[in-house]
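K.L.:
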Amino acid sequence: RSSQGRMLSYFGNS
Amino acid sequence: MLELRLVQGSLLKKVLDAMRELVNDANFDCSATGFSLQAMDSSHVALVALLLRSEGFEHYRCDRNLSMGMNLNNMSKMLRCAGNDDIITIKADDGTDSVTFMFESPNQDKIADFEMKLMDIDSEHLGIPDAEYQAIVRMPSSEFARICKDLSSIGDTVVISVTKEGVKFSTAGDIGTANIVCRQNKTVDKPEEATIIEMQEPVSLTFALRYLNSFTKATPLSDTVTISLSSELPVVVEYKIAEMGYIRYYLAPKIEE
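Protein chains in written order, with the numbering used here: chain A, 587 to 600; chain B, 17 to 273.
Below, the structure written as structure tokens:
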């Protein structure tokens with residue numbers, strides 16, 4: 587099973 | 017006061033066609049350096065970043081930094097009323113809650129004004145650090161679009177692997193599997209037909225094809241596409257916008273559990 591990553595776990599709020 | 021005059025109005029039409037499937041509402045940021053946008057799709061899995069530098073406009077007046085919230089579908093509806101050879105001017109007066117798109121035909125015998133209400137969109141601006149990528153593939157954009165389209169008829173996800181052999185796109189589904197390998201090829205007539213692979217180290221990541229197919233809507237903007245991969249980061253799919261800037265798509269990988 588693979589889960590879809592999310593943008594916010596890579597790029598924080600600037 | 018904002019007045020941006022783009023002689024190659026067709027570029028703006030293509031930019032909207034390249035974003036409106038992925039993003040519904042977004043803020044366009046105008047500053048002295050240029051006209052930009054950064055927005056995530058509704059599921060926060062993908063992000064699009066647009067930059068049109070001020071030098072690329074025939075006339076660029078932006079008295080103070082301005083952020084204009086727009087519904088991209090509505091904006092696209094208006095821009096589709098512009099001819100492909102029209103000059104497009106984007107205008108907004110200070111303090112007003114609308115933006116005007118002016119279309120001028122090449123011989124100035126037809127001038128159209130479309131005014132659209134602006135929206136309040138509270139979008140979070142993400143910090144995207146410059147990164148070193150383990151592998152960077154530059155290839156014809158039509159080739160990449162064809163691969164994504166073909167593989168999505170077989171499976172939902174694609175494994176993109178870069179080794180010294182080249183870049184491999186693999187998928188599997190109910191009816192079977194598919195593997196496409198593209199090798200580096202610099203011996204081509206035109207530079208935009210080359211496939212160039214810079215690999216610091218082998219990398220392999222899995223992505224949802226649905227998003228990659230949305231990204232390839234930017235194909236009309238550039239003959240080539242650059243795909244930057246690193247095992248710890250979202251993939252970056254970049255289409256340069258001739259002499260003006262770029263449209264970059266970021267997509268978070270699927271994580272094997």
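Glycine included, every Cβ here is placed at the ideal spot set by N, Cα and C.
Looking at the C-beta of B:V61, does it have a partner C-beta in chain A at a distance below 7 Å?
P.N.:
Start at 1 with the first residue of the second sequence, and residue 61 of chain B comes out as number 45. Closer than 7 Å to some Cβ of chain A, the Cβ of B:V61 qualifies, so yes.
K.L.:
How about B:F309 and B:L68: are their beta carbons less than 7 Å apart?
P.N.:
A query on residue 309 of chain B cannot be resolved here, the shown segment of chain B reaching from 17 to 273 and no further.
K.L.:
Residue range of the beta strand (DSSP E) that B:Y265 falls in?
P.N.:
Translated into positions along the second sequence, residue 265 of chain B becomes position 249. First-last of the beta strand (DSSP E) with B:Y265: G261 to L267.
K.L.:
Indicate whether B:S92 and B:R21 have their beta-carbon atoms separated by less than 7 Å.
P.N.:
Your numbering for residue 92 of chain B matches position 76 in the second sequence. Your numbering for residue 21 of chain B matches position 5 in the second sequence. Not closer than 7 Å, so no.
K.L.:
Is it buried or exposed for B:T193, if we count other Cβ within 10 angstroms and need 16 for buried?
P.N.:
Here the question's residue 193 of chain B lines up with position 177 in the second sequence. B:T193 should be labelled exposed.
K.L.:
Are the C-beta of B:L142 and some C-beta of chain A separated by less than 7 Å?
P.N.:
The sequence position of residue 142 of chain B within the second sequence is 126, counting from 1. Judged by the 7 Å Cβ criterion, B:L142 is in contact with chain A.
K.L.:
Expressed to the nearest angstrom, what Euclidean distance is found between the alpha-carbon atoms of B:S246 and B:C97?
P.N.:
Taking the first residue of the second sequence as position 1, residue 246 of chain B is located at position 230. Taking the first residue of the second sequence as position 1, residue 97 of chain B is located at position 81. Their Cα atoms are separated by approximately 41 Å.
K.L.:
Between B:I257 and chain A, is there a C-beta pair that is closer than 7 Å?
P.N.:
Against the second sequence, residue 257 of chain B aligns to sequence position 241. Chain A, which has no Cβ nearer than 7 Å to the Cβ of B:I257, makes this no.
K.L.:
Which whole runs of the beta strand (DSSP E) in the stretch 171-249 of chain B are 3 residues long or more, in chain order?
P.N.:
Taking only runs of at least 3 residues, the beta strand (DSSP E) segments lying wholly in the stretch 171-249 of chain B are 173-179, 182-189, 192-198, 212-215, 219-224 and 240-245.
K.L.:
Quick check: A:G598 and B:G143, are their CB atoms within less than 7 Å of each other?
P.N.:
By 1-based counting over the first sequence, the position of residue 598 of chain A is 12. By 1-based counting over the second sequence, the position of residue 143 of chain B is 127. Yes. Within cutoff.
K.L.:
Tell me the DSSP secondary structure of B:I144 in three-state form.
P.N.:
Here residue 144 of chain B refers to the residue found at position 128 of the second sequence. It is coil, neither helix nor strand.
K.L.:
Of the choices B:E272, B:G72, B:N229 and B:L27, whose alpha-carbon is the least far from that of B:Y266?
P.N.:
Numbered from its first residue, the second sequence carries residue 266 of chain B at position 250. Of the listed residues, the one whose Cα sits closest to B:Y266 is B:N229.
K.L.:
Does any residue of chain A bring its CB to less than 7 Å from the CB of B:I176?
P.N.:
As a first step, residue 176 of chain B must be located in the second sequence, where it is residue number 160. Answer no: the Cβ-Cβ gap between B:I176 and chain A never drops below 7 Å.
K.L.:
Give me, in chain order, the residues of the same chain whose beta-carbon lies closer than 6 Å to that of B:S83; leave out the 5 immediate sequence neighbours on both sides.
P.N.:
Locating residue 83 of chain B in the second sequence gives position 67, counting from the first residue. So the qualifying residues of the chain are N43 and D45.
K.L.:
Quick one: does B:I271 have its CB under 7 Å from some CB of chain A?
P.N.:
By one-based count along the second sequence, residue 271 of chain B stands at place 255. It does: the Cβ of B:I271 has a partner Cβ on chain A nearer than 7 Å.
K.L.:
Looking at chain A, is there any beta carbon in it that lies within less than 7 Å of the beta carbon of B:M132?
P.N.:
Here residue 132 of chain B is taken as the residue at index 116 of the second sequence, counted from 1. By this cut-off, B:M132 is not an interface position.
K.L.:
With H, G and I counted as helix, E and B as strand and the rest as coil, what does DSSP make of B:L32?
P.N.:
Residue mapping note: residue 32 of chain B aligns to position 16 of the second sequence, counting from 1. DSSP places B:L32 in helix when its eight states are reduced to three.
K.L.:
Looking only at DSSP bridge pairs, what is B:E254 linked to?
P.N.:
Counted from its first residue, the second sequence places residue 254 of chain B at position 238. Answer is B:T242 and B:R264, bridged to B:E254.
K.L.:
B:M35 versus chain A: which residues are under 8 Å apart at the beta carbon?
P.N.:
Position 19 of the second sequence, counted from the first residue, corresponds to residue 35 of chain B. Within 8 Å Cβ-Cβ: nothing; B:M35 doesn't reach chain A, min ~16 Å.
K.L.:
Chain A beta carbons: is any one of them nearer than 7 Å to that of B:M56?
P.N.:
Taking the first residue of the second sequence as 1, we reach residue 56 of chain B at position 40. So, interface residue.
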